[in-house]
Every structure is written in structure tokens, then in C-alpha cells.
Amino acid sequence: MAASSHRIMLGPLVAAIDQGTSSTRFLVFNSKTAELLSHHQVEIKQSFPKEGWVEEDPKEILQSVYECIERTCEKLTQLNIDISNIKAIGVTNQRETTLVWDKETGEPLYNAIVWLDLRTQSTVERLINKTPGRNKNHLKHKTGLPISTYFSAVKLRWLMDNVDKVHEAVVSHRAMFGTVDSWLIWCLTGGKSGGVHCTDVTNASRTMLFNIHTMDWDPELCKYFGIPMEILPRVRSSSEIYGLMKSGALSGIPISGCLGDQSAALVGQMCFKDGQAKNTYGTGCFLLRNTGAKGSVAIAGAVVRWLQDNLGIIGSSEELEKLAASVGTSYGCYFVPAFSGLYAPYWEPSARGIICGLTQFTNKSHLAFAALEAVCFQTREILDAMNQDSGIPLTQLQVDGGMTSNRLLMQLQADILCIPVVKPSMPETTALGAAMAAGAAEGVSVWSLNPEDLSEVTSEKFEPQINPEESEFRYARWKKAVEKSMNWETTEPVCNGETSIFSSVPLGFYIMGSMLMLIGAKYISGQCLYTYI
1 MAASSHRIML GPLVAAIDQG TSSTRFLVFN SKTAELLSHH QVEIKQSFPK EGWVEEDPKE
61 ILQSVYECIE RTCEKLTQLN IDISNIKAIG VTNQRETTLV WDKETGEPLY NAIVWLDLRT
121 QSTVERLINK TPGRNKNHLK HKTGLPISTY FSAVKLRWLM DNVDKVHEAV VSHRAMFGTV
181 DSWLIWCLTG GKSGGVHCTD VTNASRTMLF NIHTMDWDPE LCKYFGIPME ILPRVRSSSE
241 IYGLMKSGAL SGIPISGCLG DQSAALVGQM CFKDGQAKNT YGTGCFLLRN TGAKGSVAIA
301 GAVVRWLQDN LGIIGSSEEL EKLAASVGTS YGCYFVPAFS GLYAPYWEPS ARGIICGLTQ
361 FTNKSHLAFA ALEAVCFQTR EILDAMNQDS GIPLTQLQVD GGMTSNRLLM QLQADILCIP
421 VVKPSMPETT ALGAAMAAGA AEGVSVWSLN PEDLSEVTSE KFEPQINPEE SEFRYARWKK
481 AVEKSMNWET TEPVCNGETS IFSSVPLGFY IMGSMLMLIG AKYISGQCLY TYI
């Protein structure tokens, strides 16, 4: 009887598919309290066919979604929670990752090219070279984005130029392009048997094909990249019914929310007021800010991957925190993790990672501390740019993501920003944001987004503990280190006639820095990304 009463009191439930770079999750929330009731997670394999290339299997991604849905439903049943109370499903996804598939067979035509893939560097340089004044911001007035390897258009262009199956499917009008959200929604709503080919504005805005003023695909941008508009998904809002699930335990349930993962986290953090911002620390580190009714939201990301088993220095991320905390300082050591170049606010692809300020006293604990500081300094750079552009000084930063469990990192972030850092007790804000969008959609309407109806979120606040002068001194040293990381790389032919973005690294850099970079690479594998959408 008690279990039955509890089941009745739960009210409408809303689910979210959270398809990230390293894993897929399915989570179910109570729409009245935002309580997470159950979830399941499946890891995603990444492949690295060549240096700088990163791919994932679209079929594995889709299968992981089905597995997460089924396992979560089983867990809910074991908890005596009726899955028929699930009224809607939201989708949130790794952005920019690019897929092309055959609409007649439903088969992917190549692996998904992941957002941090670098294979398009020569394509980007060629595009920039043909712009007036070799201006990487040539398209920014329409897209809000610089021309970069990061965004989907250049990945799609590479697929059309280098993969015969993709080229043939485009010519024969069988190709469909999409980011991960489009692939999942198309498959889940029927695939080749009537699946819905769509995306939302947050994902579309990360392709370099979307006009942020007209809020639709731009014919001139598509012409610039040589991409036929017929292969693009229809752009929809982030909260509406796109279609119904066609199979599995939740067949017939509407998919009614769709947001790129970082935009979903902004919603999940309930940053609905002008000037509010959040930073998500996970595989990537992404800073988003609500700039109000103007329609442009500044986005920054520091792509950070903390590996746990490199050279035996640490065995887990928890050990990293202990290692750094054991010294409490970098002892003048600065780590610039520009492994894929410098992004916001520099957009300098020729930069590479460096560790500087070393002395004979420097040890692995100081390097660990410097690595944590690097995350915080990158966030500071983006926040400074946001404050300058928006004219709205940020008074506190809301944070989420797996790395927020690192209390030293959170305290360092508050110290370097000189403002409080606020961490919610429920860290699954990305999935929560997608669920909120799905539950609020017209035709579902089980989740109110009115501020007075939103559940109060309990949180922990980290206050700055160092004086501003010390913070500014350390930040100035970081900026000096960043300058020294620039202009390492160019795209030049190598002896066998191929082109390598790694061909111009001075031999001395490899000899003197290889050991240190191996140590550092275990902690961090990415950098900042910044744009307006």
C-alpha cells in the first residue's frame, strides 16, 4: 500500500536522453520537484584513426540510447514506479559532432566526426585564405562564429570531399546530414519509415550554416561551403513535439525537447535572468551566459579531459585533487593546455601546449596544481571577454558537471575569478534542462518554467579566499605563458607529399618537453571555445 501511494504521489514524469562525448545516459525526473528518480549510463568508444582525428560509431551511439532507456525502465519498475507516468522525452547532445546517413537504407555513411577532431585544419586554412584580408571572422556577422575546425560545416565539407559513399549519396539525393540530436530523433521516430529529420536552434547555431538573425539555414552560407540545403534537417524550436517514439518500452511517448548540451545546462541551472552564467566541467568545460532579450548568448568552452592512468602519476581524479592539495601552489609553474590550438578569445590554431616556469624544485604535485589552475585561468579569460561584450558584470558563477566534485578546483575558480562559485547539490543539470524543455512543450505542459513555480535548488557556495592583487598577479603570469604557446604550428608539406599540422614543431620542443607533455596530457586534453549564438 505504501509503495502504491508513493507511486501515485509522484505525478507526471519527464525523461531525458543525454548523449555526451564519452557516454550516453537516460534519466527520469519528477516534473513537480525536479527530483532525479532513476538513470542508466553506457560508455561510448572513441576511435583515433590518425593523429588529431576523433570518431564515434553512429550505430553504437543509437544502441547505447536504446540500452539506457530499457535499463532505466527496468530500474523504475523495480522501484514500483509506473513508467506510463513518463509523459515526454527530451534530447540533449554533444554539439558540432557531424553525421551523414542514407535516408533510404537508414545506414550511416561514415563514422561520426567528433567536435574536437582536427582533420579539417587544412580546409579551414584554405577557406580563410580566400576571404578578404584572410579574415577568420568573415562569416561572423551571420553565424556569430569564426571559421574553425570546431564547427560542423567544415566537417561536412570534408566528408563530401573525401568519402565516396557520402559524395555519391549527396549526388543521388539520398544523403541526410545532422548533428547527434538529428540522428537520434530521426531514428527514434521511425528512421527510414517516416522518421522526423529535424534539429533545434541551439544545435543549428553551431554548424556555421545557420543565420542567427533569420533563425534559419542561410542560402549564402550553404553556397560558401558548397553544401546542398536539401540534406539539412528542419530547424525547430527547443521545446515542441517533434514526433513519437516508435519502439521499445516508451513507444508512443512524444519527443518534445531538444537542446545542445551546454544550452541545456543553462536551462537546468535556471539561468533565465540577464547576466546569469554557468560553467560545465566535464569532458569539455563550457561557459554560457544569458545576455537578455538581444538573442545572443556568449558561449565559451574549455575542452578538458582529465585522464586517470597516465604514467602511474595518479589512479583517479580524486588522487589528482589530493596531489595538488598536498602543495597548495604551482610554485610558479604554468600549464597552457593548447593541445588543439588556442580557441577563445584568441582563435589561434598554431598554438600548442606548454609547461613553463619550471625549476629543479618543481614536482608532479606542482604540475597537478598548475593543471587545475589552467582550467580556472581559461574560464577567467572567457568571463572577462563576456563582461566586456555584454556590459553586465557577473556577480557569481554557477557550475555543474563531473569535475565540480573537485573541491580544490571550485575554490581555485572562485579565487581566480574573485567572485563566488555556486555548485548545485543535484549535478545533472544538462539532462534536467532537456527534461524541462520537453515537459514545458505545448501539448505536454507538465513542467512549468515560470520562476515562481520552479523548485528551489540547494547549493554550495565557494567564496574567494585570496586578495584580488594576488589573483591578478597569477593571472598576468598565465597570460604571459599563453603568449609563449603561440605560433608553434603551420600546415606544411612533409617529405612524402602529405600534409601534417604537426610538421613544423621544433625538434628541441619534442626533446625537452616530451616527458612533461606526456604527464600533462594525462590531465588535460583540450582548450577553450568561445562564440555567440
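Here full-length UniProt numbering is used: position 438 in the sequence shown is 438, and no number is missing along the way. Idealized CB from N, CA, C, for every residue including glycine.
Looking at Q411: is its Cβ nearer than 9 Å to the Cβ of Q269? no
Considering only C-alpha positions, which residue in the set H167, D181, I61, T105 is nearest to V91? Comparing Cα positions, the closest option is D181.
Using a Cβ-Cβ cut-off of 7 Å (strictly less than) and excluding sequence neighbours within five positions of W115, which residues of its own chain qualify? Within its own chain, the residues whose Cβ lies closer than 7 Å to the Cβ of W115, once the five positions on either side in sequence are excluded, are Q94, R95, E96, T97, Y150, listed in chain order.
Taking Cβ to Cβ, would you say M386 is nearer than 9 Å to A249? no
Buried or exposed for A431, please, with buried defined as at least 16 other CB atoms from any protein chain shown within 10 angstroms of its CB. buried
Express the C-alpha separation of G328 and I299 in angstroms, rounding to a whole number. Any reading at I299 must be qualified, since the residue scores a pLDDT of 26, below 50, and its modelled position is unreliable; the value itself is stated next. Roughly 31 Å separates the two Cα atoms.
Taking just the CA atoms, how far does I355 sit from A434? In this model, A434 and I355 are separated by some 39 Å (Cα to Cα).
Within the chosen definition, does the stretch 198-214 reach the stretch 230-238 through at least 3 CB pairs nearer than 8 Å? yes
Sorted by chain position, which residues of the same chain lie with C-beta nearer than 6 Å to S47's C-beta, five sequence neighbours on each side aside? E55
According to DSSP, residues forming a beta bridge with Y334: C356
How should I533 be labelled, buried or exposed, when 16 other C-beta atoms within 10 angstroms of its C-beta is the threshold for buried? Low confidence applies to I533: its pLDDT is 34, below 50, so where it sits in the model is not reliable, and the reading given next is rough at best. With a 10 Å radius around the Cβ and a threshold of 16 neighbouring Cβ atoms, I533 comes out buried.
Around the C-beta of residue 536, are 16 or more other C-beta atoms found within 10 angstroms, so that it is buried, or is it exposed? Outside the displayed span of the chain (1 to 533) sits residue 536, for which this structure offers no information.
For S445 and V14, what's the separation of their Cα atoms in angstroms? 11 Å
Pairs of beta-carbons, one from the stretch 55-67 and one from the stretch 121-134, closer than 8 Å: are there three or more? No, they do not touch.
Counting Cβ pairs closer than 8 Å, one from the stretch 159-166 and one from the stretch 189-209, do we hit at least three? no
What is the rounded straight-line gap between the Cα of L320 and the Cα of K103? 46 Å
Three-state secondary structure assigned by DSSP to Y343: coil
Let's test the definition: count the other Cβ atoms within 10 Å of the Cβ of F225 and tell me whether it reaches 16, buried, or not, exposed. buried
For Q46, name the three-state secondary structure that DSSP assigns. Q46 falls in the coil class under three-state DSSP.
Just to confirm before moving on: does the CB-CB distance between T458 and P424 stay below 9 Å? yes
For H197, which three-state DSSP category applies? coil
If you scan the stretch 134-195 from start to end, which runs of the beta strand (DSSP E) of 3 or more residues do you find wholly inside it? Counting whole runs of 3 or more residues, the stretch 134-195 contains the beta strand (DSSP E) stretches 175-178.
Whole-angstrom distance between P464 and W183, CA atom to CA atom: Each residue's alpha carbon lies about 43 Å from the other.
What are the residues that DSSP puts in a beta bridge with residue 603? Outside the modelled stretch of the chain, which goes from 1 to 533, sits residue 603, for which no answer is possible.
Where L266 and L159 are concerned, what is the direct C-alpha to C-alpha distance, given to the nearest angstrom? 32 Å
Who are the Cβ neighbours of A374 in its own chain at under 7 Å, not counting the five residues just before and after it? F335, V336, P337, I524
Just list the alpha helix (DSSP H) runs in the stretch 405-433, keeping only unbroken ones of 4 residues or longer that don't cross its boundaries, in chain order. 407-417
For a test of the three-state rule: what should DSSP assign to V267, helix, strand or coil? helix
Pull up the DSSP beta-bridge partners for E460, would you. K423
Could you check if residue 554 is buried or exposed, using at least 16 other CB atoms within 10 Å of its CB as the buried criterion? Because the chain here runs from 1 to 533, residue 554 falls outside it and cannot be looked at.
Would you identify the three-state DSSP class for R25, choosing helix, strand or coil? strand
Inter-residue spacing [alpha-carbon to alpha-carbon] between K294 and K364: With a pLDDT of 45 at K294, under the threshold of 50, the modelled position of this residue cannot be trusted, and the question is left open.
On the DSSP letters alone, give me the boundaries of the alpha helix (DSSP H) that K480 sits inside. 468-484
Buried or exposed: S326, going by 16 or more other Cβ atoms within 10 Å of its Cβ? Result: exposed.
Residue from E125, I255, N279, S340 with nearest C-alpha to S263: N279
Coarse secondary structure for E348, derived from DSSP in three states: strand
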